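For reference, each letter of the sequence shown is one residue, going 487 to 578 in this note's numbering.
Glycine included, C-beta positions come from ideal geometry on N, C-alpha and C.
Source: prediction; values computed, not measured.
Before any comments, here is the structure.
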Amino acid sequence: MESARPGLDMKFFDAVCSDKNVPVIAVFTKYDQFKLDIQMDLEDESEGNATPTLEDINEEAEKIFQDEYWNVIKGSSPKYVRLESKIHPCLH
487 MESARPGLDM KFFDAVCSDK NVPVIAVFTK YDQFKLDIQM DLEDESEGNA
537 TPTLEDINEE AEKIFQDEYW NVIKGSSPKY VRLESKIHPC LH
């Protein structure tokens, strides 16, 4: 019975969405932790020479986000949301 399920799912999918154009919702959570990881990486790379600024952290986070995460999602400029806490003590 389980082997028939993919076929039934595809039959249902074809019935409700014949053009195969399905909306995708991508939610990137823990963005504040991602930025904290970026901050630690930048501090390690600087070897104590300079403390990265909030602007440095945000720029690097945006670059990595675009290159490594966002570019893997195909489509014509889909919308996205990144979730992070409003106040993070390490990023001030």
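Hey, would you say residue i sits closer than 8 Å to residue j, going by beta carbons?
| i | j | result |
| --- | --- | --- |
| Ile543 | Ile524 | yes |
| Thr539 | Glu529 | no |
Is residue i buried or exposed, if buried means 16 or more other CB atoms sit within 10 Å of its CB?
| i | result |
| --- | --- |
| Tyr521 | Looking at the sequence shown, residue 521 is not Tyr but Lys. Answer is buried; the Cβ neighbour count reaches 16. |
| Gly534 | exposed |
CB-CB under 8 Å to residue i, same chain, minus the five flanking residues each way: which ones, in chain order?
| i | result |
| --- | --- |
| Val502 | none |
| Ser571 | Asp518 |
Using a Cβ-Cβ cutoff of less than 6 Å, which residues in the same chain neighbour residue i once the five nearest sequence positions on both sides are dropped?
| i | result |
| --- | --- |
| Met487 | Any reading at Met487 must be qualified, since the residue scores a pLDDT of 46, below 50, and its modelled position is unreliable; the value itself is stated next. Contacts found: none. |
Practice task
Would you check if there are 3 or more beta carbon pairs closer than 8 Å linking the region 503-520 to the region 546-559?
Solution key: yes
Problem - Entirely enclosed beta strand (DSSP E) segments - the region 498-550, minimum 3 residues - result: none
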